[in-house]
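According to the working numbering, the residues represented by the sequence shown are 645 to 846, in order. Note that CB positions come from ideal geometry on N, CA and C, so glycine has one too.
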Amino acid sequence: MIFAPMLFPQEKIEVNEHGGEWDYLPHFLDEPEAERLYRNLQTQLAWKEESIRLFGKWIMQPRLTALYGEKAYTYSGREMQPLPFTTDLLYIKDKIEQYTGCRFNAVLCNLYRNGLDSMGWHSDDEKELGNNPVIASLSLGAERKFRLKHKDNRDIPVHKIALGNGSLLLMKGSTQHFWKHEIPKEPKVTAPRINLTFRYIT
Ligand SMILES: O=C(O)CCC(=O)C(=O)O
Ligand SMILES: [Mn+2]
């Protein structure tokens, strides 16, 4: 169950007239904590390079992934079976739940080995995420560009956020209906980055 209102009292929430609702907290974790968690997660999570189905073809994903939590998750033709939350993932989940007032039961983990790893345009709109999901996205390691574009109206400018170490991005409301997001390739980035997207899967 998601508890919606009055979630993020200290922060400006960017709500735009085009159905987007997101909130970026650059310093959700302080630097020593972000670094400690990055090191632990990089070595402790079961990172895998896996294929997905895209436009009828199976291709390798340009990043490593892992799923933790209580529920399986299917996207791009692939069902991921979860491993139980680790101590560090539970710690981060509790912190985000306390801050937001929302509950999460799964986390999709992405490891971008360098700037050539990426994630293509998509919405987090799988049925099992419910109608207006809250997606809590924590970033550790190298800063990467994150872009949001409106699905129908090309005149609406692409929105760009630099997702820094220790930051939290919350996407809410009707964002997934009207907007897509991506992590573009950035060939100049040589350092790795971990991203954790906490979700509530029904
Ligand atoms: O790496 C990111 O910041 C985005 C991850 C994402 O969009 C996803 O896992 O669905
Ligand atoms: Mn996504």
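Q: Please say whether E826 and G785 have beta carbons closer to each other than 8 angstroms?
A: Position 141 of the sequence shown, counted from the start, is the residue given in the question as residue 785. Position 182 of the sequence shown, counted from the start, is the residue given in the question as residue 826. For G785 and E826, no; Cβs fall outside 8 angstroms.
Q) Just to confirm, are I845 and A750 a CB contact at a threshold of 8 angstroms? A) Along the sequence shown, read from residue 1 onward, the residue named residue 845 stands at position 201. Along the sequence shown, read from residue 1 onward, the residue named residue 750 stands at position 106. In this structure, A750 lies closer than 8 angstroms to I845 by Cβ.
Q) Would you say D768 touches ligand 1, meaning its beta carbon is less than 7 angstroms from a heavy atom? A) Within the sequence shown, the letter at position 124 stands for residue 768. The answer is yes for D768.
Q) Can you tell me whether DSSP reads I740 as helix, strand or coil? A) Counting from 1 along the sequence shown, the entry for residue 740 is found at position 96. It is helical.
Q.
One question on the structure: do L752 and R843 come within less than 8 angstroms of each other, judged by their Cβ atoms?
A. Locating residue 752 in the sequence shown gives position 108, where the first residue counts as 1. Locating residue 843 in the sequence shown gives position 199, where the first residue counts as 1. A contact, by the Cβ cut-off of 8 angstroms.
Q: Kindly indicate which three-state DSSP category F790 falls into: helix, strand or coil?
A: Walking along the sequence shown from the start, residue 790 turns up at place 146. In this structure, F790 counts as strand in the three-state DSSP scheme.
Q | Three-state secondary structure assigned by DSSP to Y756 | A | In the sequence shown, counting from the first residue as 1, residue 756 sits at position 112. Strand.
(Q) Could you compute how far the alpha carbon of Y675 sits from the alpha carbon of T841? (A) Taking the sequence shown and counting its residues from 1, the one referred to as residue 675 is at position 31. Taking the sequence shown and counting its residues from 1, the one referred to as residue 841 is at position 197. This sequence places Glu at residue 675; Tyr is not what is there. Straight-line Cα distance between these residues: approximately 19 angstroms.
Q) Counting along the chain, where does the alpha helix (DSSP H) carrying A710 start and finish? A) Against the sequence shown, residue 710 aligns to sequence position 66. Not the alpha helix (DSSP H): A710 falls in the beta strand (DSSP E), residues L708 to G713.
Q) Using the rule of at least 16 other Cβ atoms within 10 Å of the residue's Cβ for burial, across every protein chain shown, is T709 buried or exposed? A) To locate residue 709, count along the sequence shown from 1; it is residue 65. The residue is buried, with at least 16 neighbouring Cβ atoms inside 10 Å.
Q: Would you kindly report the start and end of the unbroken alpha helix (DSSP H) that includes T687?
A: Locating residue 687 in the sequence shown gives position 43, where the first residue counts as 1. That run of the alpha helix (DSSP H) goes E675 to Q688.
Q. Just the Cα atoms here: how many angstroms apart are E693 and D738?
A. Taking the sequence shown and counting its residues from 1, one reaches residue 693 at position 49. Taking the sequence shown and counting its residues from 1, one reaches residue 738 at position 94. About 28 angstroms.
Q | Beta-carbon proximity list for A648, same chain, < 7 angstroms, skipping 5 on both sides | A | As a working note, residue 648 is residue 4 in the sequence shown. With a pLDDT of 39 at A648, under the threshold of 50, the modelled position of that residue is not reliable, and no figure is offered here.
Q: Name the two residues that bound the continuous alpha helix (DSSP H) containing F822.
A: To locate residue 822, count along the sequence shown from 1; it is residue 178. Residues T819 to F822.
Q. Using 8 angstroms as the Cβ pair cut-off and three pairs as the minimum, do the segment 801 to 819 and the segment 660 to 673 touch?
A. yes
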